[in-house]
Amino acid sequence: MSYNFDIIGVWSLVIMTLSILSYLYGDNPFYKAAEHIFVGVSAGYIFAITWWDQVWPNLFGRLFPDYVKAGFEFDGLYIIPLILGLFMLFRLIPSLSWLARISIGYIVGMAAGLKIYVFVNSNILMQIKNSSINFDGSIWSILNQFLVLIGVISGLVYFFFSKEHKGTIGKISKIGIYFLMIKFGASFGFAVMGRISLLIGRFEDLIKYSSEQFYFATPIIFIIMIVVLFIWSTQNDNKEKTN
Amino acid sequence: MFIKRQLAIVVMISMGFLALAGQFINSDNLREFTDKDAPQWYMIIAAFAAFLGCINLLQLHSTKVIRRKKDWQYSIFTLVGFLLMIFFGFLYNGSTVGLGPHLKNEFSAFYWMYNYVYLPLSSTMFALLAFFVASASYRAFRIRNFEATLLLISGVLLMLGRVPIGALIPWWTVIIIYVSILFALFASKIKNKQVFFYSYFGANIFILILGFLLGWHVNLPSFLSIPLIQEWIMAVPATAGSRAIMIGIALGVVAQSFRIITGRERSILGD
Amino acid sequence: MRNFLIKLGTIDRKFIFVLIALAVLIPLLYPNLIELPIKVDKNTKIVFNSISELKSGDKVLLSFAYGASTKPEVHPMAIALLKHLFAKDIKVYIVSLWPESPIMANQAIKEIIDTKLFNLEEGVDYALFDYKTGGFIVIKGIAENFREVYKQDHNGNLIEDLTIMDDIYSVSDFDFVFDFSAGVPGNAEWVQYACDPKKIPLSSGCTSIMVTDAIPYIESGQLKGILAGMPGAAEYEKMVYDLLQQQLNKNSNLNKDAVLTKGKALARMSAQSVSHLLMVIFIVLGNVSYYFSRKNN
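Protein chains in written order, with the working numbering: chain A, 1 to 243; chain B, 244 to 514; chain C, 515 to 811.
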């Protein structure tokens, strides 16, 4: 007997989607089960893809090039990251967990060393440079650049907590707050936009899979879920009443 | 004792200095290490950190099932999901390509699990937030002070300006919005309600008539177009606010990185 | 009336959920009910013009740094950009910085091939590379030495055997970098570790939530414009569709009998618009109710 795995897959997709959406009704077994499946499947996904895309070619491809055939030549020095990687796993063994600190030290140290340079260059110097005013533009362009400069300086004054925000400093930091509030409002607007976009994507899938081609997956599963949730919530209410 | 306590700090300081020095010192051997091998080692160790997370998860949920802790039944779903992905990722292929490339092959069992189990769960988790954002906006987003008003106006103008409906809002509606905001800010200063409402309506009618006379209904000025207002908000005040935050964060990162490189910051290693 | 407005502020949130669901569902079920004209944002125009300035044979590096959770926002812009690039006979190199990105990249390429708009050959017109852990370190590795990070493409073919990889050794050998991102690593890391130090033009398409954090880079020119979320994708789709519509039967890179279809993001904009309007109404009503309840107290 052969199975149409695509149809089975579609029904699985609809069940997963509606299970997560059932949280809108309240925490329930469908949502909890889907949440736990998500955690397990995503961990398994990351494990597999990290092994096959990173560790297998880049590490074992250098230690056993003739077997792995990833295009690298033998490099014995790569025993060091293998050892440091295993040290990382020793975090699970209490008596050996101190070894993981060496691996973490490598990662943290290297990241810190790189970040100093790039953050100073891209996030400080370039930003200060581009906050300056170019007087070659139109009057509106110059006015806008002035506003940006005032906003940046007053925003930075707000974040300066070594002096109390009183008097002139207080007034400047108040202006800074206004600019920051506009930024946060813009962030809020974009956040709403982003979430609605993702919801549209999910609803599109549910609409697509409610057709006859997919055996009316969405409406059937939706109705079954409503019925089961109704029975479950009634039983829950009765249990609470008897308690 | 040195190995247990100090070696990790020595490694952290050494790698920090090497990585930083690689940006400034023009030595072939140093550059060879910092540009080629050191990043590769970093990637490999980071991969093992991902494995650690996965194994820790396995350990956690297995303990929950064995010891029958609260909601242990759901942990079975986690373990089954994880083991299935491992099975399809390492043992059972289902496609015509070899193990490894099969992860991205649409005929493999692993891809099926990704497409029909992982993808809907992941997408819907994020999409769920749309409902809660809407509920929070309705119930919690309140104009309590001038700063909150700025936040609200900026958010509303952005939400309307970034979608096609923003361009359809007529110029006279935008004028009414401007006048309403102005009067909302000065509402507390006008004690007499009658004076307030008469001046509000009067201001609206006056500016609308002025607009018609100036031909704003024909040549729309940019300050009456919500999409253009939104562009200005993004280009000027939002940029200023974001830039201030970016510079502030960068200064903090540089300070923290300096502390790490000089061995002063040990909390990261678990001290 | 006053009591009604006060009560309005305390309605059950399930009612709000239903209204949001309807605001999204109805425009999707009846797409022709509301047809709204798309107005292109300044930053989308900058992206489009930057890509239009590239010449045939130029090399563009695409970074896929998003996954299933943000696919509705970012994937449509990836499809539109790929169409734009292939229509100009630009060589495309795809790297993946998130664990899910290789699948997203594969799906994007497959969708392009299924349109039958172009005759594409892997290894000649485009190349895909696997996911590597490390985030910003991968970007730094690509910036310094591409061939140390990737020895093979995603099918296991050696880089030396791929025609498209001739003369590619680091990010400096590319004419443009475009990043599709949904978080970290993303456009900020490309600015910091690759494009600023090596002075390579960079642009980005990202989720809406990332835009305000990227805006300083845009205004300083470190990013050449940005495609902001689904509206940005819809705008770019429209521009590319109009361009290809004009070039059909004139551009030798486009197949003569191919059928041009509008992208997915365009179709979703009416649902997006109605939902945003509803959100604004919620905020206004909530504040009106708050105002009257404060007066009452």
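Built from N, CA and C at the ideal position, the CB exists for glycine as well.
Along the segment 291 to 302 of chain B, the positions whose C-beta sits under 9 Å from a C-beta of chain A are PHE291, ALA292, ALA293, PHE294, LEU295, GLY296, CYS297, ILE298, ASN299, LEU300, LEU301, GLN302, read in chain order. Given a length threshold of 4 residues, each whole run of the alpha helix (DSSP H) inside the segment 651 to 721 of chain C is given here in chain order: 660 to 663, 701 to 704.
Contact note: B:LEU512 reaches chain A through ARG101, ILE104, GLY105, VAL108, using a C-beta cutoff of 8 Å and chain order. C-alpha of B:ARG405 to C-alpha of C:PHE529: approximately 26 Å in a straight line. Taking a Cβ-Cβ cut-off of 9 Å, the neighbours of B:ARG486 in chain C comprise ILE729, PRO730, GLU733, SER734, given in sequence order. Chain order gives the chain B residues near C:PHE531 as PHE374, ALA377, SER378, where near means a beta carbon separation below 8 Å. Within 8 Å of the CB of B:ARG385, the CB atoms of chain C belong to GLY800, ASN801, TYR804, in sequence order along the chain.
Note that the C-beta distance between C:VAL685 and C:LEU575 is below 8 Å.
Think of a sphere of 7 Å around the beta carbon of B:GLU390: no beta carbon from chain C falls inside it, the nearest being about 15 Å out. At a Cβ-Cβ threshold of 8 Å, A:GLY176 and A:VAL192 do not count as neighbours. In this chain, the alpha helix (DSSP H) harbouring B:ILE329 covers 315 to 333. Around the beta carbon of B:LEU303, fewer than 16 other beta carbons sit within 10 angstroms, so the residue counts as exposed. Using a C-beta cut-off of 8 Å, the segment 477 to 488 of chain B makes contact with the segment 146 to 154 of chain A, since at least three inter-stretch Cβ pairs fall below that distance. Nearest neighbour of C:LYS752 by Cα position, chosen from C:PHE562, C:GLY697, C:PHE806, turns out to be C:PHE562.
Ranked by Cα distance from C:TRP612, the first of C:PHE578, C:PRO586, C:LEU596 is C:PHE578. When beta bridges are read from the DSSP output, C:ALA579 appears opposite C:SER695. Judged by pairs of C-beta atoms under 8 Å, the segment 773 to 792 of chain C touches the segment 534 to 551 of chain C, as three or more such pairs exist. For B:VAL422, the enclosing alpha helix (DSSP H) stretches over residues 414 to 429.
B:LYS247 belongs to the set of residues whose beta carbon lies under 8 Å from a beta carbon in chain A.
At a cut-off of 8 Å between beta carbons, A:MET88 makes no contact with chain C.
Distance from the CA of B:SER351 to the CA of B:SER338, rounded to the nearest whole angstrom, comes to 5 Å. Neighbours of C:ASP644 across chain A, judged by C-beta separation under 7 Å: ASP53.
Put simply, the segment 85 to 102 of chain A touches the segment 247 to 267 of chain B. At least three CB pairs are less than 8 Å apart. The alpha helix (DSSP H) runs of length 4 or more contained entirely in the segment 5 to 65 of chain A are, from start to end of the chain, 5 to 21, 29 to 50. Pairing A:GLU240 with A:GLU35, the inter-Cα distance amounts to about 25 Å. With the rule of 3 Cβ pairs closer than 8 Å, the segment 649 to 662 of chain C does not count as touching the segment 538 to 552 of chain C. Beyond the five residues adjoining it in sequence on each side, C:TYR731 comes within less than 8 Å, by CB distance, of ASN701, ALA702, VAL705, LEU737 in the same chain, given in chain order. Listed along the chain, the chain B residues whose CB falls inside 7 Å of the CB of A:GLN127 are ARG486, MET489, ILE490.
Of all alpha-carbon atoms in B:TYR381, B:LEU457, B:LEU494, the one lying nearest the alpha-carbon of C:VAL794 is that of B:TYR381.
Here DSSP, grouped into helix, strand and coil, assigns B:VAL340 to coil. With contacts defined by Cβ atoms closer than 8 Å, B:LEU471 and B:TRP414 do not form a contacting pair. For B:LEU393, the nearest beta carbon of chain A is closer than 8 Å to its own beta carbon. Taking CB atoms only, B:VAL422 has no neighbour in chain A less than 8 Å away. Beta-bridge pairing by DSSP links C:SER610 to C:PHE578, C:TYR645. DSSP links C:ILE740 through a beta bridge to C:SER718. Contact note: B:PHE369 reaches chain C through SER583, THR584, using a C-beta cutoff of 8 Å and chain order.
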